[in-house]
Structures are given as C-alpha cells and as structure tokens.
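In this note's numbering, the protein residues as written are 444 to 668.
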C-alpha cells in the first residue's frame, strides 16, 4: 500500500486526473484500488497501464506521488504504518486478470449511454451487464469500472464457461454411470423363468435314445434352478 505518503489531497488529485483521462466520473473504485489495493510501485504501474493505457504518463505521476524515491530505496520487507481507519467500508472494484491480450483500453473513448439504441452494440460488461455501443468501445465500464472487451472476447469467455460446465457435468455423469454396475452387483439377480429345454418333440425319438434325452433334459433343468 502507499502508506504514510498517501493523503486526502493525493486521493482527490488522483480522482480528478482519472476523470480527465478516462472521461467519466465514477472513478472511485479505480482510485481506491490504486491507493489501497496494490502492494508496491510495480504492481501499481501494471494495474494503471491496464486501466489507463501505456501511452499516458499519468500512471508514472501517480506512482511517483504514492511511492517517492526515498520510499523506493527502503527494504521491500519494511512495514510502513497505515491508518487502520483509512479505507474502511470502501468497495474496491478490481479488473479481471483474464482479459484478452488483444483488447486495449482506448484513452480517447467517450461516454455515450445510448446502450446500443443509436449506435451499433460493441459489447456488454460481464460484471454489471451494462451495454457499450461502438462509440464507447473497449475500456473500463462506465458504471462499475470493470474492463469491457469486444464481443469476440465476451463470446469466447461465455463459450469457455459453458464448455467447462459441460465438462464438469459429463464427469459427474460418468461417476454415476461407473457406480451403476457396482450397485447392481450388490443386489440379487432376479431369475427369469427358464424356457423349455426340449429342442424337439419326444415323438422324434424312441427306445434308449428317448430315455437318454429325457434324462439330459431333467439334469439341465435341475442345474438351472
């Protein structure tokens, strides 16, 4: 965390700079995460570049304010004092890490709020569901701050989620199917009535052959009972 160098003036400055850079007002979640949700300068720069973009110097300016040179020279394991009451009750809105590498936030994007009624639908936020039009493009959601990708990203994520659920359901079904023979083996098998063992009528045999045939049939019937 930024620790002792973070002040209310710094927080307000970060909010105003984010509003100007991202062109929307609800930046509290992003500002809170920059102030209290990252552990060091490198993590702050990485998060800032994902939200604001790599072509904007604002990320470095924020890092310099929250992590001055004298703070960077200290040991990373050094524990800095933090106001325990600072940041309580705040909702930290983070950006998912499994975003597409091909989607980059557009720093020149504007908020339209037509929700696809005046312009072509670009995508929708996977967190809050807000619809972004082609004018707003990719970038942090104007409602909740979650990074919004293009429609291909949304389709791929939805397909992956459905594939994962289908695979899980298939494995669960396989477990049940594998157990069925075991369960069936524990139960006594119900004997079906034995069909007649006589292959041809007695009238076709006579003498000792008929007696031998009847004896064989009797033995077979006794063995099947």
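We put the beta carbon where it would ideally sit given N, CA and C, even for glycine.
- Counting only residues of its own chain and dropping the five nearest sequence neighbours on each side, residue 501 has a CB closer than 7 Å to the CB of 460, 464 and 495.
- For residue 471, the enclosing alpha helix (DSSP H) has its first and last residue at 471 to 475.
- If you draw a straight line from the Cα of residue 567 to the Cα of residue 503, it is about 30 Å long.
- Nearest to residue 558 by C-alpha distance, out of 577, 651 and 570, is 577.
- A residue is called buried when at least 16 other Cβ atoms come within 10 angstroms of its Cβ; residue 580 meets this threshold and is buried.
- Judged by DSSP in its simplified three-state form, residue 494 adopts helix.
- Rounded to whole angstroms, residue 587 and residue 572 show a C-alpha spacing of 10 Å.
- Annotation for residue 556: no beta strand (DSSP E) segment contains it, and DSSP assigns it neither H nor E.
- One Cα belongs to residue 499, the other to residue 561, and the distance between them is close to 30 Å.
- Scanning 472, 452 and 453 for the CA closest to the CA of residue 585 turns up 472.
- Assigned with DSSP and collapsed to three states, residue 576 falls in strand.
- Around the beta-carbon of residue 650, fewer than 16 other beta-carbon atoms lie within 10 Å, marking it exposed.
- Under a 10 Å Cβ-count criterion, residue 583 is classified as buried, with 16 or more other Cβ atoms of the shown protein chains found around its own Cβ.
- Residue burial is scored here from C-beta neighbours: residue 575 has at least 16 other C-beta atoms within 10 angstroms and is therefore classed as buried.
- Taking C-beta separations shorter than 6 Å and ignoring five residues to either side along the sequence, the partners of residue 488 in its chain run 502 and 506, following chain order.
- When the five nearest sequence neighbours on each side are left out, the beta carbons in the same chain lying within less than 7 Å of the beta carbon of residue 552 are those of 466, 579, 580 and 582, in order along the chain.
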